[in-house]
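In this note's numbering, each number is its position in the sequence shown, counted from 1, plus 33.
We put the CB at the ideal spot given by N, CA and C, even for glycine.
Following: one structure in structure tokens, then a few remarks.
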Amino acid sequence: MSSSKAPADPRAAQWTDDGKSITFLGDKWDFEKKLGSGRFASVYSLKCSNNSAKQKIAAKVTTLAGISSWARAQLGEELAIWRTLNHPNVVRLHGHLTDATRHVLLLELARGGELFERIVSMSFFSEQLAARQISEVLSALDYLHSFGVLHRDLKPENLLLESEEDDARVKVADFGASKLVISTGAKTPCGSLGYAAPEQLRGLKFAQDVSFVPTYDKEVDLWSVGVIT
34 MSSSKAPADP RAAQWTDDGK SITFLGDKWD FEKKLGSGRF ASVYSLKCSN
84 NSAKQKIAAK VTTLAGISSW ARAQLGEELA IWRTLNHPNV VRLHGHLTDA
134 TRHVLLLELA RGGELFERIV SMSFFSEQLA ARQISEVLSA LDYLHSFGVL
184 HRDLKPENLL LESEEDDARV KVADFGASKL VISTGAKTPC GSLGYAAPEQ
234 LRGLKFAQDV SFVPTYDKEV DLWSVGVIT
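Here's what the structure looks like:
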């Protein structure tokens, strides 16, 4: 009789022996192509090699070498937050794995890509379409804020489209800068300058001044939505 046991965490995945694929819930997932990359993380599409009927998923792979202790802690917070979320306008987390060199999030694949790319490619956005998409973002935010989650980096690049259709649903993604707060607000300077609220910008400006500790709450996300609108 085998002594092996299923992982205690049902969302935990494993690398295959060659380190080029991932096994998750009894299926093998092969890396297909790179969808985008940043300084430490890259996003790939994955296909199920043993069941072609299964929809593709995405993998956000963060290289751990060279990142700060704060960034490592933030990876843990991002995972903890994403595991609690279940909303039609939020990208779903399927699974995760971490080893000595890489941190991987297995995510719902939004086939329509970034809202930013859609904005650039379209010559005209009707008020009706813009209003519907912003209402979906606000629905997601209302859900996040009800759990005390601040996104802190909302921008069109972090809003994904469920499909390539014109009426595709918008999904909030990338919780790498997110914070779970109860009543004290957030303090760490972060966010994208073009979409950051004034209190976030003040935090970035005075980040080296230990005597200046700004706090901010859900209003910073609403400011970002205003800029996106």
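When the Cα atoms are used, what is the spatial distance from residue i to residue j?
i	j	result
residue 37	residue 56	Annotation note: pLDDT 44 at residue 37 (below 50); position unreliable, no value reported.
residue 165	residue 137	32 Å
residue 59	residue 78	19 Å
residue 49	residue 126	20 Å
residue 156	residue 203	19 Å
residue 257	residue 51	42 Å
residue 158	residue 183	28 Å
residue 19	residue 185	What is shown of the chain runs 34 to 262, which leaves residue 19 out entirely.
residue 132	residue 46	11 Å
residue 20	residue 67	The question about residue 20 has no answer, for the chain in this structure spans 34 to 262.
residue 115	residue 177	10 Å
In the DSSP output, what is residue i paired with across the bridge?
i	result
residue 96	135
residue 128	139
residue 86	In the DSSP output, where bridge partners are listed per residue, residue 86 has none listed.
residue 45	129
residue 53	Beta-bridge pairing links residue 53 to no other residue.
residue 170	Answer is none; residue 170 lacks a bridge partner.
residue 183	212
residue 66	78
residue 61	56
Taking its Cβ as the centre, do 16 or more other Cβ atoms sit within 10 Å of residue i, making it buried, or is it exposed?
i	result
residue 90	buried
residue 53	exposed
residue 14	The shown model of the chain, from 34 to 262, leaves out residue 14, and the question about it has no answer.
residue 170	buried
residue 117	exposed
residue 62	buried
For residue i, which three-state DSSP category applies?
i	result
residue 106	helix
residue 146	strand
residue 36	Reliability of the predicted coordinates at residue 36 is poor, the pLDDT of 41 falling under 50, and the value obtained from them is presented with this limitation in mind. Three-state DSSP puts residue 36 in coil, outside helix and strand.
residue 193	strand
residue 159	coil
residue 101	coil
residue 200	coil
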